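Number of protein chains: 2
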Amino acid sequence: MVKKIRIKDIAKMAGVSAGTVDRVLHNRGNVSDEARKAVEKVIEEVDYKPNMHVSSISLKRRYKIAVTTPQFSSGAYWESIHNGIRHALEEYENIKVEYHVFTYNQYDIYNCREIFKKISQFEMDALIIGPTFKEETINLCETLNYRKIPYVFVDSTIEECSPLAYFSADHYIVGRLIASLITSIIPNGSNIGLLQAVRTGDSSANTTILRKRGFNDFLKENNCTNPILNIPFSVSETKDNEKHLSHFFKNHHNVPGIVVMNSRGSIVSDYLFNNKIDNVRMVCMDLTTPNAAAIKKGQINFLIGQGPEYQGFYAMKTLLEYLIFKKPVKVVNHMQLDILTRETVDYYKRFSNTLY
Amino acid sequence: MVKKIRIKDIAKMAGVSAGTVDRVLHNRGNVSDEARKAVEKVIEEVDYKPNMHVSSISLKRRYKIAVTTPQFSSGAYWESIHNGIRHALEEYENIKVEYHVFTYNQYDIYNCREIFKKISQFEMDALIIGPTFKEETINLCETLNYRKIPYVFVDSTIEECSPLAYFSADHYIVGRLIASLITSIIPNGSNIGLLQAVRTGDSSANTTILRKRGFNDFLKENNCTNPILNIPFSVSETKDNEKHLSHFFKNHHNVPGIVVMNSRGSIVSDYLFNNKIDNVRMVCMDLTTPNAAAIKKGQINFLIGQGPEYQGFYAMKTLLEYLIFKKPVKVVNHMQLDILTRETVDYYKRFSNTLY
DNA sequence: CTGTTAGCGCATTCAC
DNA sequence: GTGAATGCGCTAACAG
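Chains as they are written, first to last, in the working numbering: chain A, 1 to 356; chain B, 357 to 712.
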């Protein structure tokens, strides 16, 4: 048991007072070069780690953190991310942080531009971004870089930006995983239906591209000859989907497996259920409320979770610890991928109690 | 934002001093019935939640917590549980707790008795138990009940005992999950090899019984006709297993699926690999180091994780919060079940960095 | 039995 | 530039 080193100890070792040590630790200036060097040397030597729990109670500063993500409804994927963010705030209950949420319509590029413009001018210490539109996000980030405001990504990242960190699934691996799961539960070489989101305005989202690449690579590498049948699908115009689906299934009767690379799997599984189309195995994404219901009824076989709560949680936590304690951050943070089945879905009530 | 309620506030509202409130909060006695009731009433009304971070720095008391589990080697299942326990201790770094580890030989009932006897007489505030031998554990718990020492279980529980809480997988569900997974990846009605641990001395472990029941129930409910072939296997006498396995596979050539309900799956997968037995799908338990290697090489298809780190982590955390803050505890705590594949296993490095 | 008070480790303000 | 002093919310020892 090594004795914990306190600021006072460092002060004594460096031959200065506690106040000076604190000034060095927080870059507050008003310290002679000589004193600063002495203190830094000791800190280095003893590998000083401040006690965060204590810091946070005496901290007087207020922090202002903004969050921007697509709009979402209750039980949806993005809601989980926000839950995680709030959960991190609860962990640091004594730190005074006001946090502002800016949601944009992910199907309306003009709305996104408008919101991002507001954010560009918003006064804040840091920003959490759930990106959708690539160009718009890049523009926003450029402003942030210029204003020296740190930002982190959740859900996915964008190559051209330079976030402090990002928290997301490894979407390429997600694609491989989907391929691996579906091919393991349907006959060799049989048809696979693939939900093909038709996005208006924007080109296909970055996450989808990566997932598809992973999906195709897996099939190729494993010599899978399964024909891939695209099922057209609209994320924004949900009323059209009934039509798309019925059209597809009128023309295709032998589709033992269907994969959905976005979180709307339950729309398909509901369609299958309502139209009494049996014997279709499904692999879908994300533990949304409707997907949870579908998997419990056995309509979805595997659901892949990206740990959205953890993405939000760690994004906020990392940001706070960076801002307050200058804690070094890891840039790339790939979340663990959860594979859920009918049997295990009930045990995934994250953050429901005091669990992290 | 509601203003945080402090002890001082409660004191004022109850018309007493902070000292009295503290005495009530910690059951320290020396409080008149009248004062106690007044304080308790206010605490109830305002739903007072102490600030743990602050408590922990001013706390002077030392706590002594013991842990007993089977002996384990590096990278084994039980090691993860201990890692989780230590991790919880790190989170409460400023609380002075000395913790003592007692490991016993899970294949030697006499050794277990000996160790448990020592523990019965050990001076401590609480105990974490990883149970194996049923009767011995029941005896130990009776002593603990008598001595009014709270204890929690990890890995599994024992009906006859009355722990403060337990943290384990729902083993019945584990069995169902195993059945569900293996039947989904092998042809209908084909043979399933089942590793049958032969334990010396003790009757089959409780967890195994539950898992088997779940396994069989699933098959029955889903009208699976797969013949189940038992593969004899010794957990204690590992040298014999080579013999057992080769004997089994000499007599059975058509076994497309094998399930292992304990953490020794890699022994089988290694045997298959070394003897060039292909086309066998495997579902195994627990992310041990050898199992991780086997799944990465594609020799195991699904690995089920019971979150041992979390079991240990929450066991210790719950215990500390109960002891120190009298925080109410939930008795039944079923961990989430992780399904790992070759693709996702790399993202399950829990507690490796500062992630929880 | 009860109220008062001195710390716990750290951030911050205020004289020097 | 610097050290000393104060306060954060809570525990525990100490007078009464």
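Positions of the beta carbon are idealized from the N, C-alpha and C atoms, including for glycine.
Please read all numbers here as calculations on a predicted model, not as lab measurements.
query: Counting contacts by CB-CB distance shorter than 8 Å, is A:V54 in contact with chain B?
result: For this step, residue 54 of chain A is matched to residue 54 along the first sequence. At least one chain B Cβ lies under 8 Å of A:V54.
message: Looking at A:G312: is its Cβ nearer than 8 Å to the Cβ of A:V174?
response: Along the first sequence, one-based indexing puts residue 312 of chain A at 312. Along the first sequence, one-based indexing puts residue 174 of chain A at 174. No, Cβ-Cβ distance for A:G312 and A:V174 is not below 8 Å.
- prompt: Does the beta-carbon of B:H600 have 16 or more other beta-carbons within 10 angstroms, so that it is buried, or is it exposed?
  reply: Residue mapping note: residue 600 of chain B aligns to position 244 of the second sequence, counting from 1. So B:H600 counts as buried.
- request: Compare the C-beta of A:H82 against all C-beta atoms of chain B and say whether one is closer than 8 Å.
  value: Here residue 82 of chain A corresponds to residue number 82 of the first sequence, with the count starting at 1. So no, A:H82 is outside the interface.
message: Beta carbons nearer than 8 Å to chain A: which residues of the stretch 684–695 of chain B have them?
response: Listed by position, the residues of the stretch 684–695 of chain B near chain A (Cβ gap below 8 Å) are K686, H690, M691, Q692, L693, D694, I695.
query: Where are the alpha helix (DSSP H) runs, 4 residues long or more, that stay fully inside the stretch 88–168 of chain A, in chain order?
result: Whole alpha helix (DSSP H) segments, 4+ residues: 109–121, 134–147.
Backbone secondary structure at A:I277 - three-state DSSP: Taking the first sequence and counting its residues from 1, one reaches residue 277 of chain A at position 277. Here A:I277 carries a coil assignment [DSSP, helix/strand/coil].
query: Going by other Cβ atoms of all chains shown within 10 Å of its Cβ, with 16 needed for buried, is B:P684 buried or exposed?
result: Position 328 of the second sequence holds residue 684 of chain B. With fewer than 16 neighbouring CB atoms inside 10 Å of its own CB, B:P684 falls in the exposed class.
task: Can you pull the chain B residues whose beta carbon is under 7 Å from the beta carbon of A:E90, in chain order?
output: Here residue 90 of chain A corresponds to residue number 90 of the first sequence, with the count starting at 1. Annotation: A:E90 has no Cβ neighbours in chain B at a cutoff of 7 Å; minimum Cβ distance is about 11 Å.
In DSSP terms, what B:N586 is bridged to: Counting from one through the second sequence, the residue named residue 586 of chain B turns up at place 230. DSSP, once it has assigned bridges, lists B:L550 as partnering B:N586.
message: With a threshold of 8 Å between beta-carbons, can A:R86 be considered close to chain B, or not?
response: Your numbering for residue 86 of chain A matches position 86 in the first sequence. No, its Cβ sits nowhere closer than 8 Å to a Cβ of chain B.
field: Residues near B:V611 by beta carbon distance below 7 Å, same chain, minus five either side
entry: Here residue 611 of chain B is taken as the residue at index 255 of the second sequence, counted from 1. Its chain contains N547, G549, L585, V636 as the residues whose beta carbon lies nearer than 7 Å to that of B:V611, once the 5 sequence neighbours on both sides are disregarded; these appear in chain order.
- prompt: What residue from A:E142, A:I128, A:K96, A:I339 has the CA that sits closest to A:A165's CA?
  reply: Translated into positions along the first sequence, residue 165 of chain A becomes position 165. For A:A165, the closest alpha carbon among the candidates A:E142, A:I128, A:K96, A:I339 is that of A:I128.
message: Among the candidates A:I304, A:I109, A:T288, whose CA atom is the shortest distance from the CA of A:L181?
response: The residue given as residue 181 of chain A occupies position 181 in the first sequence. The alpha carbon of A:L181 has as its nearest neighbour, out of A:I304, A:I109, A:T288, the alpha carbon of A:I304.
- prompt: Does the beta carbon of B:E492 come closer than 8 Å to any beta carbon on chain A?
  reply: Mapped onto the second sequence, residue 492 of chain B falls at position 136. Under the Cβ distance rule, B:E492 does not count among the residues neighbouring chain A, no pair being separated by less than 8 Å.
- request: Using three-state DSSP, classify A:Y348 as helix, strand or coil.
  value: The residue labelled residue 348 of chain A in the question sits at position 348 within the first sequence. Note: A:Y348 maps to coil in three-state DSSP.
query: Using a Cβ-Cβ distance under 8 Å, would A:S184 count as near chain B?
result: Position 184 of the first sequence, counting from 1, holds the residue named residue 184 of chain A. Interface annotation, A:S184: in contact with chain B, CB-CB separation under 8 Å.
Distance between beta carbons of B:A525 and B:M480, contact taken as under 8 Å: On the second sequence, position 124 is the one that residue 480 of chain B refers to. On the second sequence, position 169 is the one that residue 525 of chain B refers to. By a beta-carbon distance limit of 8 Å, B:M480 does not contact B:A525. Their separation comes to about 27 Å.
From B:K652, B:S512, B:P406, residue whose alpha carbon lies closest to that of B:P426: The residue given as residue 426 of chain B occupies position 70 in the second sequence. With distances taken between Cα atoms, B:P426 lies closest to B:S512.
task: For A:N51, go through chain B and note every residue whose CB falls closer than 8 Å to its CB, in chain order.
output: The residue you call residue 51 of chain A lines up with position 51 of the first sequence. Within chain B, I413, E449, N450 have C-beta atoms less than 8 Å from the C-beta of A:N51, given in sequence order.
- prompt: Should B:L453 and B:T674 be called a contact, given that it needs their Cβ atoms to be closer than 8 Å?
  reply: Taking the first residue of the second sequence as position 1, residue 453 of chain B is located at position 97. Taking the first residue of the second sequence as position 1, residue 674 of chain B is located at position 318. A small fix is needed here, since residue 453 of chain B is Val in this sequence, not Leu. No, the Cβ-Cβ distance between B:V453 and B:T674 is not below 8 Å.
- prompt: At a CB-CB cut-off below 7 Å, which residues of chain A make contact with B:T644?
  reply: Here residue 644 of chain B is taken as the residue at index 288 of the second sequence, counted from 1. When 7 Å is used as the limit between beta carbons, B:T644 is near no residue of chain A, the shortest such separation being about 17 Å.
message: Quick check on the burial criterion: 16 or more other C-beta atoms within 10 angstroms. Buried or exposed for B:E446?
response: Against the second sequence, residue 446 of chain B aligns to sequence position 90. Counting every other CB atom within 10 Å of its CB across the protein chains shown gives B:E446 a total below 16, marking it as exposed.
task: Count the C-beta pairs between the stretch 77–96 of chain A and the stretch 465–478 of chain B that are closer than 8 Å, then say yes if the count reaches three, no if not.
output: Not touching, per the Cβ criterion.
field: Under 8 Å between C-beta atoms of B:R532 and B:F472
entry: Taking the first residue of the second sequence as 1, we reach residue 532 of chain B at position 176. Taking the first residue of the second sequence as 1, we reach residue 472 of chain B at position 116. No, Cβ-Cβ distance for B:R532 and B:F472 is not below 8 Å.
field: Backbone CA spacing between A:M282 and A:L195 [nearest angstrom]
entry: To locate residue 282 of chain A, count along the first sequence from 1; it is residue 282. To locate residue 195 of chain A, count along the first sequence from 1; it is residue 195. Their backbone Cα atoms lie some 11 Å apart in a straight line.
message: Against chain A, with Cβ distances strictly below 8 Å, would B:E699 count as a contact?
response: Within the second sequence, numbered from 1, the residue matching residue 699 of chain B stands at position 343. It does; some Cβ of chain A falls within 8 Å.
message: Just to make sure I have the definition right: I need the residues of chain B whose C-beta is within less than 8 Å of the C-beta of A:Y348. Which are they?
response: Start at 1 with the first residue of the first sequence, and residue 348 of chain A comes out as number 348. Residues of chain B passing the Cβ test: Q692.
- request: State buried or exposed for A:K41, treating a residue as buried only when at least 16 other CB atoms are found within 10 Å of its CB.
  value: Here residue 41 of chain A corresponds to residue number 41 of the first sequence, with the count starting at 1. When all chains shown are included, A:K41 counts as exposed.
field: Coil, strand or helix - B:Y419 by DSSP
entry: Here residue 419 of chain B is taken as the residue at index 63 of the second sequence, counted from 1. In this structure, DSSP gives B:Y419 an extended state, which the three-state scheme calls strand.
field: Residue interval of the alpha helix (DSSP H) (run including B:F345)
entry: This structure gives no information on residue 345 of chain B, because the portion of chain B shown stretches from 357 to 712.
- prompt: Going by beta carbon distance, what residues of the same chain come within less than 6 Å of B:A561, once the five residues before and after it are set aside?
  reply: By one-based count along the second sequence, residue 561 of chain B stands at place 205. In the same chain as B:A561, and ignoring 5 residues on each side of it, no C-beta atom comes closer than 6 Å to its own.
query: Of all the CB atoms in chain B, is at least one closer than 8 Å to the CB of A:L320?
result: Reading the first sequence from its first residue, position 320 is the one you call residue 320 of chain A. Not an interface residue.
task: Could you tell me the boundaries of the beta strand (DSSP E) in which A:S339 lies?
output: On the first sequence, residue 339 of chain A is found 339 positions in, with the first residue counted as 1. Contrary to the premise, residue 339 of chain A reads as Ile rather than Ser in this sequence. Per DSSP, A:I339 belongs to the beta strand (DSSP E) from 338–340.
field: Proximal chain B residues relative to A:R176, where beta-carbon distance stays under 8 Å
entry: Residue 176 of chain A sits at position 176 when you count from the first residue of the first sequence. E699, listed in chain order.
- prompt: Start and end of the beta strand (DSSP E) containing A:G257?
  reply: Within the first sequence, the letter at position 257 stands for residue 257 of chain A. Taken as a continuous stretch (DSSP letters only), the beta strand (DSSP E) holding A:G257 covers 257–259.
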